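Residue numbers (the working numbering): 45 to 514.
Below you can see the structure in the form of structure tokens.
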């Protein structure tokens with residue numbers, strides 16, 4: 045029996061690809077183990093979004109080859125490089141890492157991983173023989189019955205509702221790696237979600253490169269229709285949210301990776317009317333200066349963004365908004381950064397992240413003049429993050445005294461609706477509540493981005509000791 049160890053890097057979308065590979069390995073009768081040094085095959089599912097992710101991927105490939113520097117891997121052990129970096133740089137990697145790696149596969153080969161493994165074991169590879177190199181366009185998209193083995197905890201899952209991206213953002217390489225946007229059907233996503241809920245999942249995280257574009261690629265198939273309407277209730281995404289909300293059970297639906305250009309009043313109304321949809325949205329804005337939005341080709345304007353945020357907050361009471369911004373983009377001025385900081389201070393986002401611009405080979409922004417020095421990028425990043433830290437403390441203070449429904453992640457640690465897995469804050473409990481359970485708590489304090497809580501009816505230990513002493 046072939047034993048396989050898989051290292052998954054990068055975002056949740058990449059994690060789903062890893063889960064699909066593991067599902068197909070199990071289906072083929074292969075065993076997946078965590079210990080790379082004991083495996084017959086090691087797969088590194090790489091990320092290639094920015095320079096730091098490429099460096100991390102290369103380091104993991106070399107570590108897998110050397111087993112973290114302790115010793116070189118066994119001569120009979122195979123090494124496969126998969127994922128975004130393999131899709132993007134496979135020819136270059138096949139040249140530079142031809143002795144270390146046995147196969148480079150792209151994004152469309154995740155369902156073919158088992159026969160690929162059998163093929164590399166069947167090959168007689170000499171010292172100078174090239175690695176197996178499989179090239180292809182990105183066209184694959186999973187379905188509800190695609191074999192998959194979840195690598196997340198039992199209580200939450202990621203559901204990829206679409207793949208690829210049609211946006212022209214000048215800083216991003218993703219459309220060249222993952223291809224054009226292609227949506228699953230509403231029925232396919234709902235079927236997968238129903239099964240996950242039956243398995244005990246309490247949080248379904250909807251992901252894609254742009255979840256708000258879900259179904260819009262079907263316009264080309266409906267020349268007489270101006271909108272991707274699936275029913276009288278509205279667009280594909282609003283239809284999907286309403287059908288997911290109708291599934292029986294106690295669970296959250298979380299909407300991640302929404303592009304601001306495709307939000308509508310109908311989507312806002314749908315979220316407000318669906319109690320299972322978490323009061324949380326992830327909407328990367330990238331900047332607020334019209335000068336920068338134009339250079340980035342974000343298809344939005346400052347006025348549009350300000351109006352949209354206002355409509356979202358007015359239409360969905362209690363909503364927590366997460367966004368990301370890029371600083372140090374080519375041509376960014378101090379005035380642009382001043383405008384960004386003023387917008388952040390005025391809007392007070394509940395959750396916010398900041399990226400230093402990364403000059404990515406193959407993007408239009410990489411060829412732009414007025415590239416910003418690294419030192420300047422760093423200073424701007426620190427300035428914005430310091431501002432957000434102050435706002436985050438204010439936001440956290442606003443939770444004190446409130447009652448929240450939280451999902452327990454591990455003993456003593458939970459998340460609220462305003463916290464997505466892996467990227468946001470935590471809620472800490474002084475007592476153990478079963479992992480995967482929902483519990484209502486009173487927020488008693490905070491530390492930076494995290495909250496402190498007690499289950500309803502429980503008293504803080506100091507107060508309890510004082511009462512018992514009376």
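Just so it is clear, CB atoms sit at the ideal spot from N, CA and C, and this is done for glycine as well.
Being a predicted model, the structure only gives us computed values, none of them experimental.
Item                                                                                                                                   : Value
Neighbourhood of residue 205 by C-beta distance below 8 Å, restricted to the same chain and skipping five residues each side           : 227, 228, 233, 250, 251, 252, 255, 258 and 284
First through last residue of the alpha helix (DSSP H) which encompasses residue 447                                                   : Unbroken run through residue 447 is the beta strand (DSSP E), 447-454; no alpha helix (DSSP H).
Given residue 453 as reference, the closest of 469, 440, 447 and 446 once Cα atoms are compared                                        : 469
N- and C-terminal bounds of the alpha helix (DSSP H) containing residue 314                                                            : 309-317
Exposure label - residue 121; buried when at least 16 CB within 10 Å                                                                   : buried
Under the three-state DSSP convention, the category residue 406 falls into                                                             : coil
Burial state of residue 129 (16 or more Cβ within 10 Å)                                                                                : buried
Proximity below 9 Å, CB of residue 235 to CB of residue 188                                                                            : yes
As assigned by DSSP and simplified to three states, the class of residue 275                                                           : Confidence in residue 275 is poor, its pLDDT being 34 and thus under 50, which makes the residue's placement unreliable; the coordinate value appears in the next sentence. Three-state DSSP puts residue 275 in a strand.
Per-residue burial, residue 426 [other beta carbons within 10 Å of its own, 16 or more giving buried]                                  : exposed
Exposure of residue 208, with buried meaning 16 or more beta-carbon neighbours within 10 Å                                             : buried
Distance between residue 368 and residue 222 (C-alpha atoms, nearest Å)                                                                : 21 Å
Whole-angstrom distance between residue 125 and residue 90, CA atom to CA atom                                                         : 7 Å
Residue 156 versus residue 472: straight-line alpha-carbon distance, rounded                                                           : 42 Å
Three-way DSSP call (helix, strand, coil) for residue 45 in this model                                                                 : coil
Whole-angstrom C-beta distance between residue 217 and residue 407, which should lie under 8 Å                                         : 6 Å
Residues sharing a beta bridge with residue 458, DSSP                                                                                  : 452 and 471
Neighbour-count burial assignment, residue 344, 16 or more Cβ in a 10 Å radius                                                         : buried
Distance, residue 73 Cα to residue 362 Cα                                                                                              : 48 Å
For residue 72, the three-state DSSP class (helix, strand or coil)                                                                     : coil
For residue 499, the nearest candidate out of 321, 213 and 487 (CA to CA)                                                              : 487
Every unbroken alpha helix (DSSP H) within the segment 329-353, with a cutoff of 4 residues, ordered by chain                          : 334-340
Terminal residues of the beta strand (DSSP E) in which residue 366 lies                                                                : 364-371
Cβ shell of residue 305 (< 6 Å), same chain only, five flanking positions each side left out                                           : 343 and 344
Meets three-Cβ-pair contact criterion under 8 Å: the segment 453-462 and the segment 419-433                                           : no
Per DSSP, the bridge partner or partners of residue 52                                                                                 : 89
Proximity of residue 261 and residue 211 at Cβ, strictly below 9 Å                                                                     : no
Whole alpha helix (DSSP H) elements within the segment 200-261, 4-residue minimum                                                      : 218-222 and 230-242
Between the CA atoms of residue 75 and residue 45 - distance to the nearest angstrom                                                   : 7 Å
Closest residue to residue 164 among 186, 200, 123 and 150 (Cα-Cα distance)                                                            : 123
Contacts around residue 237, its chain only, beta-carbon distance under 7 Å, and the 5 residues preceding and following it disregarded : 203, 248, 288 and 291
Contact under 9 Å by Cβ, residue 279 with residue 335                                                                                  : no
Backbone secondary structure at residue 395 - three-state DSSP                                                                         : strand
Distance, residue 311 Cα to residue 296 Cα                                                                                             : 17 Å
With 16 other Cβ atoms within 10 Å as the buried cut-off, status of residue 51                                                         : buried
Three-way DSSP call (helix, strand, coil) for residue 284 in this model                                                                : helix
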